[in-house]
Ligand code: DGL
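Below, the structure written as structure tokens:
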């Protein structure tokens with residue numbers, strides 16, 4: 326696989342629409358890049374699945390992106406970043422960028438009282454990936470984590486401003502508030518879509534760390550360091566594919582994120598080509 330083709334797309338995937346938050350950040354920070362996004366809507370959610378299964382999904386989705394000539398694979402999913410990135414790095418010759426390390430670094434920079442909250446899927450929290458990454462940067466930081474398994478379905482249903490969502494957030498976040506966190510990592514790329522409701526539930530004085538935004542900054546650095554960034558004078562395009570048709574929700578998400586998405590293609594994981 327060549328990695329010297331600046332005009333080839335950045336390949337991005339997530340289980341569903343959450344990774345579009347990373348795409349929105351990439352479009353903002355790297356407007357000249359082409360992006361090919363795949364949402365694995367046939368198999369969402371990933372958050373309750375085993376390491377083995379999520380690793381297999383990561384390898385299959387990475388294969389689909391390489392078939393689109395991706396010059397770099399961005400794992401825009403915290404669950405897959407926590408569980409599948411090491412295997413994907415072994416398998417693929419292009420760089421693989423996850424969301425956990427950039428989010429952890431931003432959280433360590435943000436905390437003043439050295440108490441960081443992390444919310445994510447069950448699999449992300451059980452993996453301890455954030456705790457590990459944060460403590461590697463600053464062993465004195467206390468990490469208080471909470472799995473929030475009902476948030477992804479609420480977000481996929483578009484319930485961004487809803488009493489049910491607010492009640493779930495209060496239940497998930499109250500223990501973190503009581504623990505005195507001053508920084509909260511949105512450890513799932515779906516969560517920035519709930520940013521306003523999460524900020525309300527977390528209370529004033531808690532800084533939210535968006536793994537999407539920090540991942541996009543890490544991609545910019547990686548492309549520059551590898552010499553494969555697109556020339557700045559052009560305007561890149563965004564192509565989107567799903568592994569199963571969804572009834573227009575992708576467009577609602579795109580609207581929430583102010584993204585321009587043309588026709589949405591379908592891709593089957595059976596078409597996977599190995600790197
Ligand atoms: N956006 C994924 C993440 O960051 C979604 C999780 C899921 O599919 O459960 O973990």
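In the numbering used here, the protein residues as written are 326 to 600.
Every residue, glycine too, gets a C-beta built ideally from N, C-alpha and C.
On a predicted model such as this, the values are computed, not experimentally measured, just so you know.
Query	Result
Starting from residue 440 and walking both ways along the alpha helix (DSSP H), at which residues does that stretch end?	Premise fails: residue 440 lies in the beta strand (DSSP E), 440-445, not in any alpha helix (DSSP H).
Whose C-beta lies closer than 7 Å to the C-beta of residue 326 among residues of the same chain, with five residues either side of it excluded?	Interpretation of residue 326 is limited by its pLDDT of 45, a score under 50 that renders its predicted location unreliable; no figure is taken from the coordinates.
Contact check, residue 425 vs residue 455 under 8 Å by CB: the rounded distance?	6 Å
Around the Cβ of residue 591, are there at least 16 other Cβ atoms within 10 angstroms (buried) or fewer (exposed)?	exposed
What are the uninterrupted segments assigned as alpha helix (DSSP H) that are 4 or more residues long and contained completely in the region 475-536, given in chain order?	476-481, 488-503 and 520-527
Distance, Cα to Cα, residue 513 vs residue 537?	9 Å
Report the rounded CA-to-CA distance for residue 359 versus residue 503, giving the unit in angstroms.	44 Å
Given that a residue counts as buried once 16 or more other Cβ atoms are within 10 Å of its Cβ, and exposed if not, what is residue 588?	exposed
With distances taken from CA atoms, which of 330, 464 and 528 is nearest residue 500?	528
Is it the case that the region 488-498 contacts the region 460-470, given that we only count it when at least three CB pairs across the two stretches are under 8 Å?	no
Who are residue 564's beta bridge partners in DSSP?	361
Take residue 506 as the anchor and find which of 524, 354, 550 and 539 has the nearest alpha-carbon.	524
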